[in-house]
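S.K.: Quick one: structure below, then a few questions.
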Amino acid sequence: MLKPFRSEFNQRQFTPERYATLLSRLNDRTRSKIEFRVAETPCFFSREVLAEIADTGRILTHQLVDSPDYMQASDAAVPARYRVPNDNPKPNFMTADFAFVRGEDGELHPKLVELQAFPSIFGYQDVLCEEYIRTFDLDRQLDWRFGGLDGDGYWNLLRQTIVGDHDPENVVLTEVEPETQKTLPDFHVYEDRLGIATVDIAKLKKEGSRLFYERRGKWVPIERIYNRAIVDEIERKQIKPAFDYRDDLQVEWAGNPNWYFRISKFSLPYLDHPSVPACVFLDDWFDGKRDTIPENRERLLLKPLYSFAGKGIQFAPTDADLNAIPRAERHDYLLQERMKFEPVISTPHGPTQPEIRILYVWPDRAAEMTPLISLVRLGRGLMMGVDHNRNQEWVGGSAALFPTQFS
């Protein structure tokens, strides 16, 4: 974990005053108040480690999207009432989460936590990385954008993916009650950099096959939607959009909602790679498909397929836990090998576990997906989410910085 950088930061570059300045600058640059915990420290990784992780995410994604059998199977993962017509043949956005696990050889290896074909915080994360370096006066040779991209190149790729060939006025970021979301700082960065509007998905207007949003007292036609609304939240809050997802609308999607279901926890049993933990659908486990799954329940997780922020995950599920799930719902759960994340980040509060997320874009006319940036979540709790690391310091949202160009 690049000890010279780590030691220098812990011993000399960090001060509480600089951390307070970091938070203030993030609030200013995102025109908001950051409501999630920002870690006191960035993480320092080698270019080679991040390149390996980024390439693994690309390989795993292609195992899915290039497989006619998988694509047919994943049709069943898209709920009928949320199936959008005119499906995009590839996801515009991908995220791949990895953690470090110590193998039987005693070495650290990146292991997959989850894949998700949904956008993440490309805007905010670029600002965070820049401010870590500026505020803590870090080595200016440190980089955070992949592929040797500078700021213009980074935002040009995001513009191609999100806005496409449209006037930004006719492109909107849709979310459920966006002003209440912790990701609002990210939305504001897109507004400033791309000129698009953020709108509440429940406040759109539908006329015929067209959608409109209100801007300065005028209803503006929408030609492309940067989709950030998660169906789980729409269901939980009983939101009623002005349109039906099944409508054949005159609109393009930057991030077709179908992909949120197509590549998700549902995908894990279909992957074949050393980085992927053993995993099986619960109904298949009941039917005897147990060869690769540890018998020791302490080494297992029970995960619902359709949840977010770690909700509903059970550690070491018992027979009673498994049998309590109705037979008809068992295909919506996974039994997965539990991994022991290694705490490889040295902090003044003790060794801390990183989970690294690689963020990819795949513009409509591009032949290949591109890793753009990464984010890191630091934690010392049982799980990595903020809710599981309350009242701790040197945990939370962080960034991966690396020396020299990433290729």
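Numbering (the numbering used here), first residue to last: 10 to 416.
Ideal Cβ placement from N, Cα and C applies to all residues, glycine included.
DSSP on Glu28, reduced to helix/strand/coil?
M.R.: The residue given as residue 28 occupies position 19 in the sequence shown. Residue identity differs from the one stated: residue 28 is Tyr in this sequence, not Glu. The answer is helix: DSSP assigns Tyr28 an H, G or I state.
S.K.: I need the DSSP call for Ser83, collapsed to helix, strand or coil.
M.R.: As a position in the sequence shown, residue 83 is number 74, starting the count at 1. Under the three-state reduction of DSSP output, Ser83 falls in the helix class.
S.K.: Just how far apart, CA to CA, sit Phe415 and Arg56?
M.R.: Taking the sequence shown and counting its residues from 1, the one referred to as residue 415 is at position 406. Taking the sequence shown and counting its residues from 1, the one referred to as residue 56 is at position 47. Unreliable positioning characterises Phe415 in this predicted model, as indicated by a pLDDT of 46, which lies under 50. The coordinate reading is nonetheless provided below. Whole-angstrom Cα-Cα distance: 6 Å.
S.K.: Go through its chain and collect everything with a Cβ distance to Tyr235's Cβ below 6 Å, but skip five positions before and after it.
M.R.: For the purposes of this step, residue 235 is taken as the residue at position 226 of the sequence shown. The answer, listed in chain order, is Ile171, Leu182 and Ala263.
S.K.: Just to confirm before moving on: does the CB-CB distance between Lys191 and Glu338 stay below 8 Å?
M.R.: One-based indexing of the sequence shown puts residue 191 at position 182. One-based indexing of the sequence shown puts residue 338 at position 329. In this structure, Glu338 does not lie closer than 8 Å to Lys191 by Cβ.
S.K.: Using only CA atoms, which one of Ala85, Ala408, Pro94 and Val289 lies nearest to Gln259?
M.R.: Mapped onto the sequence shown, residue 259 falls at position 250. Taking only the C-alpha atoms, the option nearest Gln259 is Pro94.
S.K.: From the DSSP output, in three-state form, read off His118 for me.
M.R.: The residue given as residue 118 occupies position 109 in the sequence shown. The answer is strand: DSSP assigns His118 an E or B state.
S.K.: Which of the three DSSP states, helix, strand or coil, is assigned to Asn165?
M.R.: The residue given as residue 165 occupies position 156 in the sequence shown. Note: Asn165 maps to helix in three-state DSSP.
S.K.: Could you please give the first and the last residue of the uninterrupted beta strand (DSSP E) stretch that includes Glu364?
M.R.: Taking the first residue of the sequence shown as position 1, residue 364 is located at position 355. Unbroken beta strand (DSSP E) run through Glu364: Gln362 to Val370.
S.K.: If you follow the alpha helix (DSSP H) that Tyr133 is in, where does it begin and where does it stop?
M.R.: Taking the first residue of the sequence shown as position 1, residue 133 is located at position 124. Its alpha helix (DSSP H) spans residues Phe131 to Thr144.
S.K.: Assign Asp241 to one of three DSSP states: helix, strand, or coil.
M.R.: On the sequence shown, residue 241 is found 232 positions in, with the first residue counted as 1. Here Asp241 sits in helix by DSSP.
S.K.: Give every residue of the same chain whose Cβ lies closer than 6 Å to the Cβ of Gln134, excluding the five residues on either side of it in the sequence, and list them in chain order.
M.R.: If you number the sequence shown from 1, residue 134 lands on position 125. Answer for Gln134: Ile382 and Leu384, listed in chain order.
S.K.: Quick one: Cα of Asp96 to Cα of Val353, how far?
M.R.: One-based indexing of the sequence shown puts residue 96 at position 87. One-based indexing of the sequence shown puts residue 353 at position 344. Cα-Cα distance, rounded: 41 Å.
S.K.: Just to confirm my understanding: we take Asp257, look at its own chain, exclude 5 residues before and 5 after, and list those with CB closer than 6 Å. What are they?
M.R.: Locating residue 257 in the sequence shown gives position 248, counting from the first residue. Once the five neighbours on either side are set aside, the close Cβ partners of Asp257 are Pro94.
S.K.: Can you find at least 3 beta carbon pairs, one from the region 274-283 and one from the region 246-255, that sit closer than 8 Å?
M.R.: Contact between the region 274-283 and the region 246-255 is absent, because fewer than three Cβ pairs lie under 8 Å.
S.K.: Quick one: Cα of Pro230 to Cα of Thr207, how far?
M.R.: For the purposes of this step, residue 230 is taken as residue 221 along the sequence shown, with counting starting at 1. For the purposes of this step, residue 207 is taken as residue 198 along the sequence shown, with counting starting at 1. Going by the C-alpha atoms only, they are around 14 Å apart.
S.K.: So, for Gln362: in the same chain, excluding its five sequence neighbours on each side, which residues have a beta-carbon less than 6 Å away from its beta-carbon?
M.R.: Numbered from 1 along the sequence shown, position 353 holds the residue referred to as residue 362. Result list for Gln362: Phe350, Pro352 and Gly388, in chain order.
S.K.: What do you get for Ile68, buried or exposed, if any count of 16 or more other CB atoms within 10 angstroms of its CB means buried?
M.R.: Sequence index remark: in the sequence shown, residue 68 carries index 59 (1-based). Flag for Ile68 reads exposed.
S.K.: Leu73 to Ser83, Cα distance in whole Å?
M.R.: The sequence position of residue 73 within the sequence shown is 64, counting from 1. The sequence position of residue 83 within the sequence shown is 74, counting from 1. Leu73 and Ser83 have their C-alpha atoms spaced approximately 9 Å apart.
S.K.: Check the C-beta distance from Trp403 over to Pro357 and give it rounded, since I have them as a contact under 8 Å.
M.R.: Position 394 of the sequence shown, counting from 1, holds the residue named residue 403. Position 348 of the sequence shown, counting from 1, holds the residue named residue 357. That belief holds up - the Cβ atoms of Trp403 and Pro357 are roughly 7 Å apart, short of 8 Å.
S.K.: Only counting the same chain, and skipping five residues up and downstream in sequence, which positions put a Cβ closer than 6 Å to that of Gly66?
M.R.: Numbered from 1 along the sequence shown, position 57 holds the residue referred to as residue 66. Counting only Cβ-Cβ distances below 6 Å, and skipping sequence neighbours, we find Ala105 and Ile367.
S.K.: Just verifying my parser: in three-state terms, what is the DSSP assignment at Trp403?
M.R.: Translated into positions along the sequence shown, residue 403 becomes position 394. Trp403 falls in the coil class under three-state DSSP.
S.K.: Take Trp164 as the anchor and find which of Asp64, Tyr199, Glu244 and Asp152 has the nearest alpha-carbon.
M.R.: As a first step, residue 164 must be located in the sequence shown, where it is residue number 155. Looking only at Asp64, Tyr199, Glu244 and Asp152, the smallest Cα-Cα distance to Trp164 is reached by Tyr199.
S.K.: Expressed to the nearest angstrom, what Euclidean distance is found between the alpha-carbon atoms of Asn400 and Gly390?
M.R.: Translated into the one-based positions of the sequence shown, residue 400 becomes position 391. Translated into the one-based positions of the sequence shown, residue 390 becomes position 381. For the pair Asn400 and Gly390, the Cα-to-Cα distance works out to about 11 Å.
S.K.: Based on the DSSP output, what are the partners of Ser383 in its beta bridges?
M.R.: The residue given as residue 383 occupies position 374 in the sequence shown. BP columns for Ser383 point to Ile367.
S.K.: Bridge partners for Asn236 per DSSP, in chain order?
M.R.: Position 227 of the sequence shown, counted from the first residue, corresponds to residue 236. Paired residues: Thr183.
S.K.: Quick one: Cα of Glu244 to Cα of Glu184, how far?
M.R.: Mapped onto the sequence shown, residue 244 falls at position 235. Mapped onto the sequence shown, residue 184 falls at position 175. Rounded to the nearest angstrom, the two C-alpha atoms are 13 Å apart.
S.K.: Please state if the CB of Ile205 and the CB of Val180 are separated by a distance shorter than 8 Å.
M.R.: The residue you call residue 180 lines up with position 171 of the sequence shown. The residue you call residue 205 lines up with position 196 of the sequence shown. Ile205 is positioned such that its CB atom lies closer than 8 Å to that of Val180.
S.K.: Mark Glu49 as exposed unless 16 or more other C-beta atoms lie within 10 angstroms of its C-beta, in which case mark it buried.
M.R.: The residue you call residue 49 lines up with position 40 of the sequence shown. By the 10 Å Cβ count, Glu49 comes out buried.
S.K.: To the nearest angstrom, report how far apart Arg15 and Asp148 are at their CA atoms.
M.R.: One-based indexing of the sequence shown puts residue 15 at position 6. One-based indexing of the sequence shown puts residue 148 at position 139. Cα to Cα, the separation comes out at about 12 Å.
S.K.: Does the beta-carbon of Asp161 have 16 or more other beta-carbons within 10 angstroms, so that it is buried, or is it exposed?
M.R.: Residue numbering aside, residue 161 sits at position 152 when the sequence shown is read from its first letter. Classification of Asp161: exposed, given that the 10 Å Cβ count is below 16.
S.K.: Over what stretch of residues does the alpha helix (DSSP H) that includes Ala60 continue unbroken?
M.R.: What you label residue 60 is simply residue 51 of the sequence shown in a count that begins at 1. Its alpha helix (DSSP H) spans residues Arg56 to Val74.
S.K.: Just confirm the distance between the C-beta atoms of Ser273 and Gln81, as a whole number of angstroms; I'd bet it's less than 8 Å.
M.R.: The count along the sequence shown starts at 1 and reaches residue 273 at position 264. The count along the sequence shown starts at 1 and reaches residue 81 at position 72. At roughly 16 Å, the Cβ-Cβ gap does not stay under 8 Å, so Ser273 and Gln81 are not in contact.
S.K.: Are the CB atoms of Glu140 and Leu31 nearer to each other than 8 Å?
M.R.: One-based indexing of the sequence shown puts residue 140 at position 131. One-based indexing of the sequence shown puts residue 31 at position 22. Against a cut-off of 8 Å, the Cβ pair of Leu31 and Glu140 comes out as a contact.
S.K.: For Arg374, count the other beta carbons within 10 Å of its own beta carbon; 16 or more makes it buried, fewer makes it exposed. Which is it?
M.R.: Taking the sequence shown and counting its residues from 1, one reaches residue 374 at position 365. Counting Cβ neighbours within 10 Å, Arg374 comes out exposed, since fewer than 16 surround it.
S.K.: Assign Ala304 to one of three DSSP states: helix, strand, or coil.
M.R.: Taking the first residue of the sequence shown as 1, we reach residue 304 at position 295. According to the sequence provided, residue 304 is Glu. The question's Ala does not apply to it. In the structure shown, Glu304 sits in coil (DSSP, three-state: anything other than H, G, I, E or B).
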